[in-house]
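Undergrad:
There are 2 protein chains.
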Amino acid sequence: MTRLFLLGLAAAIAVPAAAQTVPARVAQLRDAALADDYAWDITEGLTTEVGPRLAGTEAEARARAWAVARLTAMGFANVRIEPFELPVWTRGFESAEIVAPFPQPLVVAALGNSASTGPQGITGDVVGFDSLAELEAAPEAAVRGKIVFVSHAMPRTMDGSGYGYFGGPRRQGPGIASAKGAIGIVVRSIGTDYHRNPHTGTMQFPDGVRPIPAGALSLPDAEQLQRILKRGRPVTMRLVLVSQTGRGQSGNVIAEVPGRDPSLPPVLVAGHLDSWDQGTGAIDDASGVAIAAAAAKRIMDAGQPLRTIRVVWFGAEETGLFGGLAYQKAHTEPHYALAESDFGAGRIWQVTSKLGKERDAEARALQAALAPLGIVPGPTDKAEGSDIGPMLEAGAPGVGLSQDGTYYFDYHHTPDDTLDKVDKDALRQNVAAWTAMLAVLAGPVNAEPKRPRGR
Amino acid sequence: MTRLFLLGLAAAIAVPAAAQTVPARVAQLRDAALADDYAWDITEGLTTEVGPRLAGTEAEARARAWAVARLTAMGFANVRIEPFELPVWTRGFESAEIVAPFPQPLVVAALGNSASTGPQGITGDVVGFDSLAELEAAPEAAVRGKIVFVSHAMPRTMDGSGYGYFGGPRRQGPGIASAKGAIGIVVRSIGTDYHRNPHTGTMQFPDGVRPIPAGALSLPDAEQLQRILKRGRPVTMRLVLVSQTGRGQSGNVIAEVPGRDPSLPPVLVAGHLDSWDQGTGAIDDASGVAIAAAAAKRIMDAGQPLRTIRVVWFGAEETGLFGGLAYQKAHTEPHYALAESDFGAGRIWQVTSKLGKERDAEARALQAALAPLGIVPGPTDKAEGSDIGPMLEAGAPGVGLSQDGTYYFDYHHTPDDTLDKVDKDALRQNVAAWTAMLAVLAGPVNAEPKRPRGR
Numbered sequence: 001m002t003r004l005f006l007l008g009l010a011a012a013i014a015v016p017a018a019a020q021t022v023p024a025r026v027a028q029l030r031d032a033a034l035a036d037d038y039a040w041d042i043t044e045g046l047t048t049e050v051g052p053r054l055a056g057t058e059a060e061a062r063a064r065a066w067a068v069a070r071l072t073a074m075g076f077a078n079v080r081i082e083p084f085e086l087p088v089w090t091r092g093f094e095s096a097e098i099v100a101p102f103p104q105p106l107v108v109a110a111l112g113n114s115a116s117t118g119p120q121g122i123t124g125d126v127v128g129f130d131s132l133a134e135l136e137a138a139p140e141a142a143v144r145g146k147i148v149f150v151s152h153a154m155p156r157t158m159d160g161s162g163y164g165y166f167g168g169p170r171r172q173g174p175g176i177a178s179a180k181g182a183i184g185i186v187v188r189s190i191g192t193d194y195h196r197n198p199h200t201g202t203m204q205f206p207d208g209v210r211p212i213p214a215g216a217l218s219l220p221d222a223e224q225l226q227r228i229l230k231r232g233r234p235v236t237m238r239l240v241l242v243s244q245t246g247r248g249q250s251g252n253v254i255a256e257v258p259g260r261d262p263s264l265p266p267v268l269v270a271g272h273l274d275s276w277d278q279g280t281g282a283i284d285d286a287s288g289v290a291i292a293a294a295a296a297k298r299i300m301d302a303g304q305p306l307r308t309i310r311v312v313w314f315g316a317e318e319t320g321l322f323g324g325l326a327y328q329k330a331h332t333e334p335h336y337a338l339a340e341s342d343f344g345a346g347r348i349w350q351v352t353s354k355l356g357k358e359r360d361a362e363a364r365a366l367q368a369a370l371a372p373l374g375i376v377p378g379p380t381d382k383a384e385g386s387d388i389g390p391m392l393e394a395g396a397p398g399v400g401l402s403q404d405g406t407y408y409f410d411y412h413h414t415p416d417d418t419l420d421k422v423d424k425d426a427l428r429q430n431v432a433a434w435t436a437m438l439a440v441l442a443g444p445v446n447a448e449p450k451r452p453r454g455r
Numbered sequence: 001m002t003r004l005f006l007l008g009l010a011a012a013i014a015v016p017a018a019a020q021t022v023p024a025r026v027a028q029l030r031d032a033a034l035a036d037d038y039a040w041d042i043t044e045g046l047t048t049e050v051g052p053r054l055a056g057t058e059a060e061a062r063a064r065a066w067a068v069a070r071l072t073a074m075g076f077a078n079v080r081i082e083p084f085e086l087p088v089w090t091r092g093f094e095s096a097e098i099v100a101p102f103p104q105p106l107v108v109a110a111l112g113n114s115a116s117t118g119p120q121g122i123t124g125d126v127v128g129f130d131s132l133a134e135l136e137a138a139p140e141a142a143v144r145g146k147i148v149f150v151s152h153a154m155p156r157t158m159d160g161s162g163y164g165y166f167g168g169p170r171r172q173g174p175g176i177a178s179a180k181g182a183i184g185i186v187v188r189s190i191g192t193d194y195h196r197n198p199h200t201g202t203m204q205f206p207d208g209v210r211p212i213p214a215g216a217l218s219l220p221d222a223e224q225l226q227r228i229l230k231r232g233r234p235v236t237m238r239l240v241l242v243s244q245t246g247r248g249q250s251g252n253v254i255a256e257v258p259g260r261d262p263s264l265p266p267v268l269v270a271g272h273l274d275s276w277d278q279g280t281g282a283i284d285d286a287s288g289v290a291i292a293a294a295a296a297k298r299i300m301d302a303g304q305p306l307r308t309i310r311v312v313w314f315g316a317e318e319t320g321l322f323g324g325l326a327y328q329k330a331h332t333e334p335h336y337a338l339a340e341s342d343f344g345a346g347r348i349w350q351v352t353s354k355l356g357k358e359r360d361a362e363a364r365a366l367q368a369a370l371a372p373l374g375i376v377p378g379p380t381d382k383a384e385g386s387d388i389g390p391m392l393e394a395g396a397p398g399v400g401l402s403q404d405g406t407y408y409f410d411y412h413h414t415p416d417d418t419l420d421k422v423d424k425d426a427l428r429q430n431v432a433a434w435t436a437m438l439a440v441l442a443g444p445v446n447a448e449p450k451r452p453r454g455r
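Residue numbers (this note's numbering), protein chains in the order written: chain A, 1 to 455; chain B, 1 to 455.
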């Protein structure tokens with residue numbers, strides 16, 4: 001044990017987060033939110049009345065209209081859409097089958113930005129690799145003219161760290177395979193479940209690399225293909241991945257709880273409105289937009305906070321963070337803090353923040369307010385978020401409320417991302433945490449609570 | 001407490017199954033089977049090298065060829081196919097979507113014997129019912145010209161009894177809906193899982209009732225449709241269920257371990273070789289044919305039994321018990337006992353039998369031999385089985401080794417019925433139970449164990 005460690009330990013013992021005094025108004029708002037229905041109503045409504053809402057499509061436009069109507073009905077101020085344009089990729093018919101030596105269908109889903117095979121499809125011999133590194137190391141002669149299969153072995157983790165680490169086959173695999181002359185690629189889904197629902201997701205071909213058809217196989221299908229390849233006979237696959245590309249419009253939906261002092265920078269709470277096209281985007285990210293808006297609504301119901309709370313439902317996150325980048329470009333004004341919920345609907349287990357040294361007391365107050373919800377203090381030099389990521393990287397202050405993602409990659413980017421995957425109690429714990437966070441950061445509401453506005 | 005009950009209790013206490021002496025040869029065969037690999041190898045091989053094998057199709061013919069080769073290689077005698085003809089229904093393209101008020105796709109699978117919509121599909125208003133009884137009670141005017149939706153609420157049970165009880169919407173729903181003038185029907189899948197994999201299965205339209213398109217929605221989709229219907233606005237659905245019908249050939253694959261006394265009736269152990277078309281039929285019923293054959297093989301490896309063991313891998317079970325009925329017609333000779341494994345690959349928890357009063361000692365010996373595997377004695381006036389059902393009903397003796405079906409209807413008749421759902425240890429416990437059962441029923445093997453034949 002080093003002296004530094006002991007000092008740190010002493011400090012932690014001296015001021016445990018849970019022992020700090022939490023203002024009664026914060027505790028009351030937090031605990032009342034454990035009976036919240038706003039978040040469930042938004043999650044249920046958006047997934048049922050809109051359903052899938054792929055970035056840049058007519059379905060996402062319907063989601064924006066739904067969002068404006070709902071946020072207005074809830075009583076938020078300055079409800080508006082900030083539109084932007086973007087490239088749009090849409091899925092068509094898709095299928096995969098082993099032609100030889102053991103004819104049978106496989107379940108496949110095209111990756112976002114896959115080239116289209118056209119309805120006639122492509123047929124080729126399969127060359128398999130157990131990792132992205134194996135594909136990278138392979139000579140061109142082994143790959144040219146073939147359909148590449150890349151596997152990997154992503155383990156289940158609570159913090160979802162496997163997604164970055166094992167996401168290579170999806171993100172870089174298609175580009176590497178194409179550069180080596182492959183005519184197509186299928187990868188083992190970046191997922192942790194054994195259901196026949198492949199995990200889609202976006203990828204980009206590097207400049208100068210010809211786009212090729214690229215799909216994901218479900219885990220049972222990927223392992224089936226591995227077993228077939230291990231028999232040692234040539235394996236022929238037919239792959240049909242029809243898709244279309246073009247340009248379209250998306251937009252960020254913004255709503256506010258005006259603060260008592262409009263000159264102060266706003267606290268921004270967010271999620272993303274778009275979803276992948278095969279599920280109804282319940283945990284990715286209807287629950288996220290619902291949590292952010294429900295927490296803001298609960299503060300609004302209690303009165304007017306010192307600082308403005310800005311709720312942002314970003315558009316077009318899934319296909320390239322287009323909403324976050326458009327917001328960053330349009331909003332150069334400072335923010336008091338940024339936070340985004342985009343890791344499912346599991347219980348929050350940790351709070352992180354990056355508010356700066358001078359706001360350490362605030363970080364401590366946040367930790368103390370969240371501790372009774374079973375949320376442990378995490379790093380105070382770190383905040384994360386998908387759409388808000390670029391702004392955080394540019395130095396904006398932020399808060400991270402880390403959700404338990406143990407089961408997130410069972411459903412992520414699959415047809416299985418549906419309402420039944422959302423646990424009401426866990427959702428309420430999320431709302432309670434976000435409400436407490438806003439109660440701390442947005443400053444005290446005025447003494448005269450208003451009558452709740454809207455539904 | 002009645003005197004009869006007390007007498008029964010006294011009898012049960014006097015001779016508990018587990019306390020009976022189990023011959024050492026039976027115990028040895030049973031316990032050695034807990035390290036069995038034959039069943040896994042068959043299950044893995046059939047699902048990998050053939051995959052889906054719908055009754056009457058070219059894929060099922062490949063499965064028969066695979067079966068003959070494998071059973072011959074294992075050293076069985078009299079390996080043969082007994083062919084028969086049957087009507088064949090095959091699936092084509094299928095899709096469902098809500099057209100209004102909330103446009104979105106739903107995941108559907110046609111039921112076996114569904115009428116085809118043709119590629120253009122049908123579009124109609126949806127009328128929903130929460131049970132088959134509600135549909136039955138509905139006036140024709142409420143149904144005519146509409147697409148019917150029927151829900152139900154099948155609970156998870158260990159013995160799978162919900163399948164019969166809650167199977168009505170699939171089995172009778174289409175006929176009832178058509179008789180009332182519906183243009184199509186979708187039912188909530190007979191299943192217990194929340195994945196977007198609908199549960200197909202066969203159904204028959206009654207004589208004189210016009211076949212209509214009939215599909216199953218996955219549970220998330222069925223509940224989505226219920227939520228949409230509850231909004232109270234007219235709901236329009238477009239349904240495309242393309243299918244084809246014709247006639248084809250199937251067959252039962254038979255293999256034997258010849259007994260020392262060929263004049264004695266054989267013990268028949270069975271499963272079914274065909275599967276539904278979307279999964280690879282791992283738990284329904286590759287594991288079943290594997291368990292039956294592995295147990296017979298283990299007896300064969302130990303020497304020659306007194307009675308012939310006949311392994312039957314039935315064809316075309318799923319679409320109407322065609323294999324079982326063809327076998328019954330062709331084999332009017334008596335059987336010493338019939339047993340079939342067709343309820344997945346879960347652990348066996350109960351043994352039932354229907355061997356007749358005069359063979360009560362044999363039933364007891366069976367109970368005693370199985371008790372150390374955690375298998376409890378069940379009724380001795382009851383045996384069950386799909387293909388063997390008609391023969392049992394006609395009075396043939398039989399044994400039932402009841403598997404734990406708690407999770408069976410998560411996968412049954414879905415694309416999710418794949419190899420990864422088979423637990424190796426549970427499979428081995430099954431083989432041990434079937435081996436012990438054969439050791440008891442087929443009579444002692446001759447003293448000179450043979451060298452194992454085949455792989």
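C-beta: ideal position from N, C-alpha, C; glycine also. Owing to the predicted nature of the structure, the values given are computational and were not obtained by experimental measurement.
With a floor of 4 residues, list each alpha helix (DSSP H) that falls wholly inside the segment 156-193 of chain A, ordered by position along the chain.
TA: Complete alpha helix (DSSP H) runs here, min 4: 161-165, 168-171, 173-179.
Undergrad: DSSP three-state call for L135(A): helix, strand or coil?
TA: Residue state, collapsed to three classes: helix.
Undergrad: Nearest CA to the CA of Q265(A): which residue from G45(A), E333(A), E384(A)?
TA: The identity of residue 265(A) in the sequence shown is Pro, whereas the question assumes Gln. When each option's Cα is compared against that of P265(A), the closest is E333(A).
Undergrad: So what's R144(A) in DSSP terms, helix, strand or just coil?
TA: The answer is coil: DSSP assigns R144(A) none of H, G, I, E or B.
Undergrad: Mark K230(B) as exposed unless 16 or more other C-beta atoms lie within 10 angstroms of its C-beta, in which case mark it buried.
TA: Classification of K230(B): exposed, given that the 10 Å Cβ count is below 16.
Undergrad: My output table needs one value for N252(A): the three-state DSSP class, helix, strand or coil.
TA: Residue state, collapsed to three classes: strand.
Undergrad: Could you tell me whether the Cβ of T192(B) comes closer than 8 Å to any Cβ of chain A?
TA: By this cut-off, T192(B) is not an interface position.
Undergrad: Out of E58(B), M237(B), P415(B), state which residue places its alpha-carbon closest to the alpha-carbon of V127(B).
TA: Closest option to V127(B), Cα to Cα, is M237(B).
Undergrad: With a threshold of 8 Å, are at least 3 pairs of Cβ atoms found where one atom belongs to the segment 78-96 of chain B and the other to the segment 340-349 of chain B?
TA: Too few Cβ pairs lie closer than 8 Å, so no.
Undergrad: So which residues of chain B does H413(A) contact, with C-beta pairs closer than 8 Å?
TA: Neighbours of H413(A) on chain B: none; closest Cβ ~13 Å, over 8 Å.
Undergrad: Anything in chain B within Cβ reach of F102(A), meaning under 8 Å, just list it in chain order.
TA: The answer, in chain order, is T48, E49, V50, G51.
Undergrad: Could you give the residue range of the beta strand (DSSP E) that holds K354(B)?
TA: Unbroken beta strand (DSSP E) run through K354(B): 348-354.
Undergrad: Can at least three beta-carbon pairs, one atom from the segment 277-293 of chain B and one from the segment 351-362 of chain B, be found at a separation below 8 Å?
TA: No, the segment 277-293 of chain B does not touch the segment 351-362 of chain B.
Undergrad: What would DSSP say about M203(B), mapped onto helix, strand or coil?
TA: DSSP places M203(B) in coil when its eight states are reduced to three.
Undergrad: Count the CB pairs spanning the segment 416-433 of chain B and the segment 387-400 of chain B that are closer than 8 Å, and state whether there are at least three.
TA: Cβ pair count under 8 Å is below three, so no.
Undergrad: Can we say the segment 201-216 of chain B touches the segment 173-183 of chain B, given the rule of at least three CB pairs closer than 8 Å?
TA: Short answer: they touch.
Undergrad: Could you pull the start and end residues of the alpha helix (DSSP H) that D456(A) belongs to?
TA: Since the first residue of chain A shown is 1 and the last is 455, residue 456(A) is not available in this structure.
Undergrad: Just to confirm, are G320(A) and L273(A) a CB contact at a threshold of 8 Å?
TA: No; because the gap between Cβ atoms is not below 8 Å, this pair is not in contact.
Undergrad: My assumption, with CB atoms under 8 Å, is that Y336(A) sits in contact with R298(A). Please give the rounded CB distance.
TA: Between R298(A) and Y336(A) the Cβ distance is about 18 Å, and since that is not below 8 Å, they are no contact.
Undergrad: Beta carbon of S114(A), beta carbon of S243(A): below 8 Å?
TA: Closer than 8 Å, so yes.
Undergrad: G112(B) by DSSP, collapsed to three states: which one?
TA: Strand, per DSSP.
Undergrad: Who pairs with G246(A) in a beta bridge, going by DSSP?
TA: Beta-bridge pairing links G246(A) to V88(A).
Undergrad: So which residues of chain B does Q244(A) contact, with C-beta pairs closer than 9 Å?
TA: Ordered by position in chain B, no residue passes the 9 Å Cβ test against Q244(A), which lies about 17 Å from the chain.
Undergrad: Going by beta-carbon coordinates alone, are A436(A) and L34(A) separated by less than 8 Å?
TA: For A436(A) and L34(A), no; Cβs fall outside 8 Å.
Undergrad: Give me the Cβ distance between I190(A) and I122(A), rounded to the nearest whole Å; I'm assuming they're in contact under 8 Å.
TA: So it is not a contact: roughly 23 Å between Cβ atoms.
Undergrad: Give the DSSP-derived three-state secondary structure of M154(B) in the structure shown.
TA: Reduced to three states, the DSSP call for M154(B) is coil.
Undergrad: If you measure from the CB of A433(A), is any heavy atom of the ligand GDP nearer than 7 Å?
TA: The ligand content of the structure shown is nil, which means the ligand GDP is not present either.
Undergrad: Below 8 Å on the Cβ atoms is my guess for G324(A) versus S386(A); work out the distance and round it to an integer in Å.
TA: Correct: roughly 7 Å between the Cβ atoms.
Undergrad: In the DSSP output, which residue or residues are listed as bridge partners for A69(B)?
TA: Per DSSP, none; premise fails for A69(B).
Undergrad: Hey, how far is the Cα of S250(A) from the Cα of T90(A)?
TA: Distance between the alpha carbons of S250(A) and T90(A): 14 Å.
Undergrad: If contact means a Cβ-Cβ distance below 9 Å, which residues of the segment 190-222 of chain B contact chain A?
TA: Answer in chain order: D193, Y194, H195, R196, N197, S218, L219, P220, D221.
Undergrad: Can you say whether G232(A) is buried or exposed, counting buried as having 16 or more other CB atoms within 10 angstroms of its CB?
TA: By the neighbour-count rule (16 or more Cβ atoms within 10 Å), G232(A) is not buried but exposed.
Undergrad: What is the DSSP secondary structure of F343(A), reduced to helix, strand or coil?
TA: Here F343(A) sits in coil by DSSP.
Undergrad: For E256(B) and F76(B), I'd like the C-alpha separation in whole angstroms.
TA: Answer to the nearest angstrom: the Cα atoms are 6 Å apart.
Undergrad: Candidates A67(A), P234(A), Q429(A): which alpha carbon is nearest A295(A)'s?
TA: Residue Q429(A) is the option with its Cα nearest to A295(A).
Undergrad: Bridge partners of L401(A), per DSSP?
TA: According to DSSP, which records beta bridges pairwise, L401(A) is partnered with V351(A).
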